[in-house]
Amino acid sequence: MNHIADEIPSGEKEFSELTKKVRDLIEYPELSEEEFQELLTKASRGYGGSLPHRTRSLCPETRRIVPAVIWEKDGKVWISKKCPEGLITEVYYEDVEMYHRFKEWGFEERKLMSFNVENSGINCPFDCGLCKKHHSHTNLLNIVLTNRCDLSCWYCFPEDEEALFKIGDRVGLFRFEEIARNLAFEYRVEINGFSGRYSVPENLYVLTFEDGKARWTRVTKFLRREHTGKILRIRTHTGRRVRTTPEHKLFVYENGNLVKKRADEIEPGVRLVLIWNFDVGGDMGEIDLLEAFRSLPEEEKKKIYVKSPENTIPLNSFPGISGEFRLGMDDDPCEIPSKLILTPGFGKLVGYFILNGHYTGEGISITVSHDDLEDILSVLNNLGIPHSVIKLDDKVERVVIRSRLVKLIFKHALGIPEGT
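In the numbering used here, each residue carries its 1-based index in the sequence shown increased by 1.
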């Protein structure tokens, strides 16, 4: 048996060399013998157990069956094997949330009724057919396995298109070219006639749609490539526009199910899925409007007053002392605290504006469906912002906020540009 094992090429050295560049991008954790034994002791047992989970695996060099433990660290799932030559740790799942999501599909083991080999797996894995140690029949899974980008990602946008990004702790609307400007495109890829360069950002996140909610998900690759084909423009009935390449996929609501469709397959009347539920976990901080308005033109500063319990001073003459104040403008119905608390309600109002709003000469307006009207009116009433409603047709309403102060907050304090 040993003689057979020695003659079987493991491919470990070749695999190590081929994946070296990929491994350099991932910081592999190291376990001591004591840490491995501690994990193994407290690990769950049995099919489908919780993390850390005890199992058996194969040594990649000797092909022997060895004890192993599956565990989680830094948002990834790892498998550590105690091999004759030492401990070996490999990536088991890139994303622990994805691991738990797939784990929901784990079914109870089923005993096989017949086997192709009579022994009990003593010579496993060298004479393996289906022996009594198998929990299920053989399954074949076809995987596209590559350490290179295959340019098949389905979220390609023009450089001047905007999206909501989270960079570290900073959240905002950024053009794709702005994000690209701060990245180092160190890796080049050429495949199937396409070429491009990509970066591996460390602290860049985007919103993804999962279980009816929006969640921040880390961007693992940011690809830049030249596109000479068509750019499609999609417009919703509420006026929202987005430009994208034909292969970009969108969530649509079809026959009671969420379905991904290519942009060039979208037809008039299709119902697109938009972000609806985004749990931010309480207040998101505050904005010091006195500081944010420092960069306003002098003519605008003259129109804003700072109100304290004692007196009222124009913003351009305000001495800059600290304290609690209220800001207002002449003939403006709104007075707003100088320290604006970013509550979830205010965040929802900003979201409605980014989605289907625009600036007017006297303030802002937001176009919403009849179904969303009650929600946005509730938000405005809770915030104490005066407003009016114009009915456009049986399905669409326009909420008008005639406040130049609110417009200045959205445009200058929040940095939401014209044309959003």
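Ideal Cβ placement from N, Cα and C applies to all residues, glycine included. All values reported here derive from a predicted model rather than from experimental measurement.
- The beta carbon of Leu350 sits closer than 6 Å to those of Val380, all from its chain and outside the five residues before and after it, given in chain order.
- Here DSSP, grouped into helix, strand and coil, assigns Arg403 to coil.
- Looking from the CA of Val220, the closest CA among Ile168, Glu35 and Gln38 belongs to Ile168.
- By the neighbour-count definition (other C-beta atoms within 10 Å, threshold 16), Leu259 is an exposed residue.
- In this structure, Glu86 is the residue among Arg46, Glu73 and Glu86 with its C-alpha nearest to the C-alpha of Cys60.
- In the three-state reduction of the DSSP assignment, Lys408 falls in the helix class.
- Between Ala44 and Arg189, the alpha-carbon positions lie close to 41 Å from each other.
- The alpha-carbon separation between Val401 and Val307 amounts to approximately 25 Å.
- Annotation for Phe175: the continuous beta strand (DSSP E) segment containing it runs Arg171 to Arg176.
- Within its own chain, the residues whose Cβ lies closer than 7 Å to the Cβ of Phe326, once the five positions on either side in sequence are excluded, are Val307, Lys308, Ser309 and Ser339, listed in chain order.
- Going by C-alpha positions, Gly270 is about 15 Å away from Val397.
- Comparing alpha-carbon positions, the option among Asp372, Ser296 and Val172 lying closest to Leu205 turns out to be Val172.
- When rounded, the separation of the alpha-carbon atoms in Ile386 and Ser196 is 51 Å.
- Beta-bridge partners of Thr368 (DSSP): Arg399.
- The residue among Glu255, Pro30 and Leu224 with its C-alpha nearest the C-alpha of Arg198 is Leu224.
- Boundaries for Gly416: no alpha helix (DSSP H) harbours it, and the DSSP string shows neither H nor E there.
- In terms of Cα proximity to Tyr360, the closest of Phe319, Asp331, Pro320 and Ile410 is Ile410.
- Distance from the CA of Arg403 to the CA of Gly348, rounded to the nearest whole angstrom, comes to 19 Å.
- For Val351, the enclosing alpha helix (DSSP H) has its first and last residue at Pro345 to Asn357.
- Looking at Leu165, Leu384, Ile232 and Thr90, the one whose alpha-carbon comes closest to that of Leu208 is Leu165.
- Listed as beta-bridge partners of Thr63 by DSSP are no residues whatsoever.
- Residues Lys167, Tyr206 and Leu208 of the same chain have their beta carbon placed closer than 7 Å to that of Trp217, with the five preceding and five following residues left out of the count.
- Within the DSSP bridge table, the entry for Asn258 names Glu255 as partners.
- For Lys222, there is no enclosing beta strand (DSSP E), as DSSP gives it neither H nor E.
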